[in-house]
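Note that the protein sequences, when read in sequence, are chains A and B. Heads up, the working numbering is the position in the first sequence plus 827, with the first residue counted as 1. Heads up, the working numbering is the position in the second sequence plus 1069, with the first residue counted as 1.
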Amino acid sequence: MGKPTDRELVEQARAGNAQAFGTLVQRHQRRIFRLAFHLVRTGAEAEDVTQETFVRAYQALDRFDGRSEPFTWLYRIAVNLSLNAIRARKTKRDAVPADDPRIEPLLAEHRSSHGSDPARSAQERQLTKALCEGIDKLSDTLRTTLVLVCIDGMGHEEAARVLDCPEGTVAWRVHEARRKLREHLEKQGFGGDAA
Amino acid sequence: MSPQDKTDKTDLGAKVDKLLGTWPAPTLDDAAWEERAASIVAAAQAAPRADDAALTALLAPPSLSPEAGEAERLVASEGPARPVLSGERTMSQQDSNPGSSSVKPPESMPTSAATSKRPSLKELAARASQAGASRPSIPGPSSIPPAAISRPPSEVPPAPVSRTPMPSAPPPRPSEAGKEDSGVVDLNLINKTATAEQIAAAEKAKPATHDLAFEGDEKVAAASAGNVKNLAEAREKKAEKKGSGATWGILVAVVGIAAGVAIVMRGQPSKQDTTTANVGQDKPQVAAEAPKAVEQKIAEAPPPASTGLSLDSLPTEPSADAQKPAQPTGGGAATDSKVAAATPPAGGADTPPAATAPAGPAPTIGAKPGDLAGAMAQAVGGSNEKNDATGEMVPAAGGNKGGNQTIPEQPSQGSVASAVGAVMPGAKACVAGADDVSRAQITFSSGGTVTNVSVTGWAASNGQSGCVKGALKGANVGAFSKPSFTVGVTIRP
């Protein structure tokens, strides 16, 4: 017998099977955490959002109508909680600190591709920092869509279901967000040579 | 922009895509993830039942405000998504007319020009012809997707389903290579660079525009001319056929109308009798006499008075009463059909029907037969009851007895946020220096005041719950109609 599907796990959890819900959590918590991390931009808040997402999903299991995939449903809760967390912040961060938690994981990911060249590493760090700044300057709408599609790798159709908008709108937002990111990077001096 | 610049831009786009697509989050080892999952499940089982409204809000689509230009795009592309059009539009807005900015660009990022220039018919025609020529259903060697045409490669939006980052760029079209894209499509250049198959396909798709292009292809032109000629002949024949058909149709309609009039004329007396019989036994004689009375008295009627009108004194539809004498509406004003018929429509002030009417069927609403307010209340479904104190009509249903129409069912998100935000500094002061967050469930009564605060987390385990409760109890969200409303807040040090 193969692994149970998400829908089956939801059904079992709805019937009171906590282990099934635990399997669902184990299966999706990393992606939910990654999404929340890129939306709220801090690890601690992303952990809170991840936990809250599953707690709320558990409480709303009987409301899952099965029209969409459980994962899409979880994503929508996570996005809503992340947006709530962002909006609850009193102050808006204007500058990306050098120790922004998003920078190091990306540098570590690409470190293997260019070895230990210090100049290249410094350039990569600057580019990543500028990229973080560009993403932070995007509106919530564009940033959320960009994170869902370009960072999380969600398809337009699925992102459209999460955001409840037409696929074309998702494509337009992604296009617009990428264009603004490019403009920002060019203004920061990252033309062709930086790439 | 030089080709080198374009390549650099493309490279930057590809680089950004690569970075975005491989951007990880901080990772944990498997054991940590499992431990975290176990704690999540435990928390889910232990957590108190959340408020239904809060859950509903979380399950609803995220409330993201539309971007500037997004609404236009939605209007332009009804139905399924069309990222092609959106991309084209943005590009043309950005590049072709940077000066005419009528839509404010998003405040989040500076843009060169987020304008709302509407594409001209010429542009639309050019795009349509290009899209038609490159459709997969039409044979043609071009493998460039419609989305890529008329835009620089770097501006092509991602394909609708893309798990991986966008492909960097398709090769530029010969007609556009090496030029900075202005957003304007040069049709002549495109015609020159089009292949024979594309020309044939475009011709097949648009036979009526054969004279716009393809000057060198005589065969295609001749075939198109023949098509146009055949089309014209067919249209003439169709018009002739349509003309004769219309004549016959008019004749049939005239005969039908005449027959209908005849049937109505013949059926009228019996209909009146039927109506009278249905109404009841009150005034059958009057009802039968009414039509005659109308005919006799109309000739004798004095000219209409021009003054002395008032709403209360007006008879309710005297002519209708004369023709349908047994209808109870009107408070029995037509029971004396002679008087009613002799009274001209505008001269009701002289002989108010209500005054002369004997006891007929009871008025449906109001004491006065001409009570306009009563009639209006009846028309909207009002009851026959009157408010004793004011004399006003009482709505039949849906009335708000409490009169609290302005009180919402539950406090709005904004009021909750502002109320909690007002007391949050005090709560934060209680947990200053804490190394973990604290959570509180605030319950508001329908008056808007806090009735209960339950504190968990750091504050509860460090004896600060009383302080936090004291701080949060000062919140007030304003009155609402639900018995209570609970909201959870996280207090970060």
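Ideal Cβ positions, reconstructed from N, Cα and C, are used throughout, including at glycine.
With a Cβ-Cβ cutoff of 8 Å, do residue i and residue j count as a contact?
| i | j | result |
| --- | --- | --- |
| B:A1509 | B:L1541 | yes |
| A:Q886 | B:R1118 | yes |
| A:R903 | B:L1124 | no |
| A:F891 | A:V837 | yes |
| B:P1131 | A:T972 | no |
| B:A1107 | A:G849 | yes |
| A:L888 | A:A840 | yes |
| B:L1081 | A:L1012 | yes |
| B:L1088 | A:L975 | no |
| B:V1558 | B:V1489 | yes |
| B:I1476 | B:S1553 | no |
| B:V1556 | B:G1517 | no |
| A:V882 | B:A1112 | yes |
| A:A845 | A:T880 | no |
| A:D833 | A:E896 | yes |
| A:A912 | A:V867 | yes |
| A:E960 | B:E1136 | no |
| B:D1098 | A:C977 | no |
Excluding five sequence neighbours on each side, which residues of the same chain lie with their C-beta closer than 8 Å to the C-beta of residue i?
| i | result |
| --- | --- |
| A:T968 | R1000 |
| A:D979 | R858, R861, L862, H865 |
| A:P993 | A987 |
| A:T869 | P928 |
| A:R894 | none |
| B:T1520 | T1512, F1513, S1514, S1553 |
| B:E1478 | F1549, S1550, K1551 |
In or out: residue i buried (at least 16 other Cβ within 10 Å) or exposed?
| i | result |
| --- | --- |
| B:P1480 | buried |
| A:I962 | buried |
| A:N907 | buried |
| B:Q1114 | exposed |
| B:K1084 | buried |
| A:G829 | exposed |
| A:R914 | exposed |
| B:G1416 | No answer about B:G1416 holds up, because its pLDDT of 39 lies below 50 and its placement is not dependable. |
| B:D1505 | exposed |
| B:V1333 | exposed |
| B:A1269 | buried |
| B:E1532 | Note that residue 1532 of chain B is Gly in the sequence shown, not Glu. B:G1532 comes out exposed. |
| A:T955 | buried |
| A:F1017 | buried |
| A:E984 | exposed |
| B:R1151 | Confidence at B:R1151 is low in this model, with a pLDDT of 38, below 50, so the placement of that residue should be treated as unreliable; the coordinate-derived value is given next. Buried. |
| B:V1323 | exposed |
| B:S1530 | exposed |
| B:S1534 | buried |
| B:V1110 | buried |
| B:L1193 | exposed |
| B:V1321 | exposed |
| B:E1104 | exposed |
Using a Cβ-Cβ cut-off of 6 Å (strictly less than) and excluding sequence neighbours within five positions of residue i, which residues of its own chain qualify?
| i | result |
| --- | --- |
| B:G1483 | none |
| B:S1507 | V1500, G1526, W1527, A1528, I1560 |
| B:A1503 | W1527, P1562 |
| B:D1121 | none |
| B:A1496 | V1537, A1540, L1541, I1560 |
| B:V1330 | none |
| B:L1595 | The first residue shown for chain B is 1070 and the last is 1562, placing residue 1595 of chain B beyond what the model contains. |
Quick one: what's got a C-beta closer than 7 Å to residue i's C-beta in the same chain, skipping five residues either side?
| i | result |
| --- | --- |
| A:H803 | Because chain A spans 828 through 1022 in this model, residue 803 of chain A falls outside it and cannot be assessed. |
| B:G1583 | Given a span of 1070 to 1562 for chain B in the structure shown, any question on residue 1583 of chain B remains unanswerable. |
| A:E931 | none |
| B:S1523 | A1509, Q1510 |
| A:R952 | I930, L934 |
Using 7 Å as the cut-off, classify the Cβ of residue i as near or not near the heavy atoms of the ligand NAP, replying yes or no.
| i | result |
| --- | --- |
| B:P1095 | With respect to the ligand NAP, the structure offers nothing, as it holds no ligand at all. |
| message | With three or more C-beta pairs closer than 8 Å as the rule, is the stretch 982-994 of chain A touching the stretch 1004-1011 of chain A? | response | no
| said: When you compare the stretch 857-873 of chain A with the stretch 1086-1100 of chain B, are there three or more beta-carbon pairs, one atom per stretch, that lie closer than 8 Å? | reply: yes
| request: Could you tell me which uninterrupted alpha helix (DSSP H) segments, each at least 4 residues in length, are contained entirely in the stretch 1483-1543 of chain B, listed from first to last along the chain? | output: 1527-1530, 1534-1541
| field | Runs of alpha helix (DSSP H) wholly within the stretch 961-1004 of chain A (minimum 4 residues, chain order) | value | 967-973, 983-990
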